[in-house]
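Only one structure is covered here, and it is reproduced in the block below.
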Amino acid sequence: MNLVVGATGLVGSEICRRVAAQGKPVRALVRSTSDPAKIEKLKNLGIELASGDLRDRASLDTACRGTKAVLSTASSTVSRQAGDSIQSVDLEGQLSLIDAARSAGVEQFVYVSFRDKPGLEFPLQTAKRQVEQHLKQSGLAYAILQASPFMEIWLSPALGFDAANARARIYGTGHNKISWVSFRDVAHFAAASLDNPRARHAVIGVAGPEPLSPLEVVRIFEEVSGKKFTVEHVPEEALRAQKAAAADPMQDTFAGLMLFYSGGDEVDMRATLAAFPTQLTSVRDYARAVLQVK
Ligand SMILES: NC(=O)c1ccc[n+]([C@@H]2O[C@H](COP(=O)([O-])OP(=O)(O)OC[C@H]3O[C@@H](n4cnc5c(N)ncnc54)[C@H](OP(=O)(O)O)[C@@H]3O)[C@@H](O)[C@H]2O)c1
Numbered sequence: 019m020n021l022v023v024g025a026t027g028l029v030g031s032e033i034c035r036r037v038a039a040q041g042k043p044v045r046a047l048v049r050s051t052s053d054p055a056k057i058e059k060l061k062n063l064g065i066e067l068a069s070g071d072l073r074d075r076a077s078l079d080t081a082c083r084g085t086k087a088v089l090s091t092a093s094s095t096v097s098r099q100a101g102d103s104i105q106s107v108d109l110e111g112q113l114s115l116i117d118a119a120r121s122a123g124v125e126q127f128v129y130v131s132f133r134d135k136p137g138l139e140f141p142l143q144t145a146k147r148q149v150e151q152h153l154k155q156s157g158l159a160y161a162i163l164q165a166s167p168f169m170e171i172w173l174s175p176a177l178g179f180d181a182a183n184a185r186a187r188i189y190g191t192g193h194n195k196i197s198w199v200s201f202r203d204v205a206h207f208a209a210a211s212l213d214n215p216r217a218r219h220a221v222i223g224v225a226g227p228e229p230l231s232p233l234e235v236v237r238i239f240e241e242v243s244g245k246k247f248t249v250e251h252v253p254e255e256a257l258r259a260q261k262a263a264a265a266d267p268m269q270d271t272f273a274g275l276m277l278f279y280s281g282g283d284e285v286d287m288r289a290t291l292a293a294f295p296t297q298l299t300s301v302r303d304y305a306r307a308v309l310q311v312k
């Protein structure tokens, strides 16, 4: 059995779909508050449901019983209930899941994390690094997937990149390159890590095929749509001021993530692709899909 925690989320639901498509058994951790439509989708894939919460250790012990691998993508940053926070979910909840997995005799633990930016600190990044450290010391065969910014999140209207209306918000100057990755490719690497000897005791960089600056991304969208984009910049100084004035760890984290983007994040994927061959989604592929251009 393979337990997915975060199964109702963007990456977690795609992992469930891919692992089930490999003919492997999947158990999804869901909450009483999870979106019923998302739970229904999991059921329709023939996935077993386990009711639980990262803040409830007993529920994790039950969910891990009889499980060979645990794959965790859960995070409180977007999908939050009362009591969910970076401290209670992203840190303590994930630590508790690792302990529950170890007690239940789980063999492999696949953890979706993100990349490090030296010199930049924010609560979610600190939590991810502490969880990675705990996992490395747990004795479990770990695969830590350090993912780059997702194109479907950072190049979406929710963050001011509104391709349908030819408007783009850029954090910082827009000159620093990022290896934008598709959440589907992150799910591919997670599913491909199962039973894979190259994904045991491994930290794996998961990024897109080509580093592109936000201004280069805008040019690609302009070419694909045939429209000139209106570009708005959020200056780095404004992001720094926002971070300094943050009233809580979540605000601090959002400002930190925007500063991460503004500083750029280039990744060389050759080593990862040699171990896990796949055709990575490019920003141009994504632009065509968003703009419905063939
Ligand atoms: N966005 C990016 O650019 C980016 C880049 C690199 C890495 N990442 C990482 O990728 C991972 C997956 O992101 P995503 O977009 O798939 O996240 P998402 O769509 O927001 O999904 C979060 C999941 O966590 C679950 N969850 C939250 N609190 C929980 C709790 N207390 N107990 C159990 N489950 C809980 C949610 O369940 P409910 O549906 O029940 O709320 C949901 O299934 C995250 O860890 C994120 O840090 C993201």
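Residues in the sequence shown are numbered from 19 upward in steps of one, following my numbering.
Glycine included, C-beta positions come from ideal geometry on N, C-alpha and C.
Open item on the list: Taking 7 Å as the cut-off, is the beta-carbon of residue 102 closer than that to any non-hydrogen atom of ligand 1?
Closed with: yes
Task: Collapsed DSSP secondary structure at residue 248 in the structure displayed - done: Collapsing the DSSP output to three states places residue 248 in a strand.
Open item on the list: According to DSSP, simplified to helix, strand and coil, what is residue 239?
Closed with: helix
Open item on the list: According to DSSP, is residue 183 part of a helix, a strand, or is it coil?
Closed with: helix
Task: Simplified DSSP assignment, three categories, for residue 171 - done: Residue state, collapsed to three classes: helix.
Task: Coarse secondary structure for residue 223, derived from DSSP in three states - done: Assigned with DSSP and collapsed to three states, residue 223 falls in strand.
TODO: Check whether the Cβ of residue 171 lies closer than 7 Å to any heavy atom of ligand 1, and answer yes or no.
DONE: Residue 171 has its Cβ nearer than 7 Å to a heavy atom of ligand 1.
Task: DSSP-derived helix/strand/coil call for residue 130 - done: strand
Task: residue 221 beta carbon less than 8 Å from that of residue 162 - done: yes
- [ ] Identify, in the order they occur along the chain, each residue of the same chain with its Cβ nearer than 7 Å to the Cβ of residue 238, setting aside the five sequence neighbours on each side.
- [x] 301, 302 and 305
Open item on the list: Using 8 Å as the threshold, is the C-beta distance between residue 184 and residue 248 below it?
Closed with: yes
Open item on the list: For residue 283 and residue 28, what's the separation of their Cα atoms in angstroms?
Closed with: C-alpha separation (whole angstroms): 22 Å.
Open item on the list: Let's see if you can read the secondary structure: which residues bound the alpha helix (DSSP H) around residue 57?
Closed with: 54-62
Open item on the list: Using a Cβ distance threshold of 8 Å, determine whether the region 205-215 contacts the region 258-270, with at least three qualifying pairs required.
Closed with: no
- [ ] Compute the minimum distance between the beta carbon of residue 283 and the heavy atoms of ligand 1, and state whether it is under 7 Å.
- [x] no
TODO: State the CB to CB distance for the pair residue 229 and residue 188, rounded to an integer number of angstroms; the pair is presumed to be in contact (CB under 8 Å).
DONE: The Cβ separation is near 16 Å, so there is no contact.
- [ ] Within the same chain, show all residues whose beta-carbon is closer than 7 Å to that of residue 25, passing over the 5 residues directly before and after it, in chain order.
- [x] 31, 34, 46, 47, 48 and 60
Open item on the list: Please state the DSSP three-state secondary structure of residue 283.
Closed with: strand
TODO: Report whether the distance from the Cβ of residue 49 to the nearest heavy atom of ligand 1 is below 7 Å.
DONE: yes
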